[in-house]
Amino acid sequence: MKNKKSGNYLHYKNYTGSVCFSEEDAVFHGKVIGIKALVSFEGNSVNAITNDFHKAVDEYLQFCAAKGKEPERPFKGSFNIRISTDLHRTLALTASARGVSLNTFVENAIRQSVSV
-14 MKNKKSGNYL HYKNYTGSVC FSEEDAVFHG KVIGIKALVS FEGNSVNAIT NDFHKAVDEY
46 LQFCAAKGKE PERPFKGSFN IRISTDLHRT LALTASARGV SLNTFVENAI RQSVSV
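Residue numbers (our numbering): -14 to 101.
Structure follows, in structure tokens:
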């Protein structure tokens, strides 16, 4: 469940679930991250939360199939960010001066920042 690089997550069928612990309730809980739909799960042990996570993902996929809806694909590789116009200008000019696209420049900066 724990990965030193990425924190406490569960992985199943290309979906990732966060894992938190509530001391007050003595229960692990989490939700699928990277999609807009709310898919949550819980359990009072590592095995229980893992099983409930798998069940929640399977139920989400079954629900989508029953509705004839394509399930959301997590981490599609695109996202929007909002930055100041000055920073946007600086990034664009720096990327241009280095002969790369703004997208490539930002992707490289993020990759270097997270050491992927």
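No residue lacks a Cβ here, since even glycine has one placed at the ideal position from N, Cα and C.
- Where residue 100 is concerned, there is no enclosing beta strand (DSSP E), because DSSP gives it neither an H nor an E.
- Contact check for residue 18 against residue 57 fails: the beta carbons are separated by 8 Å or more.
- By the CB criterion at 8 Å, residue 87 and residue 77 fall inside the cutoff.
- Residues 56 of the same chain have their beta carbon placed closer than 6 Å to that of residue 49, with the five preceding and five following residues left out of the count.
- Around the beta carbon of residue 60, fewer than 16 other beta carbons lie within 10 angstroms, which makes this residue exposed.
- For the segment 32 to 82, there is no continuous beta strand (DSSP E) assignment of 3+ residues that stays within its boundaries.
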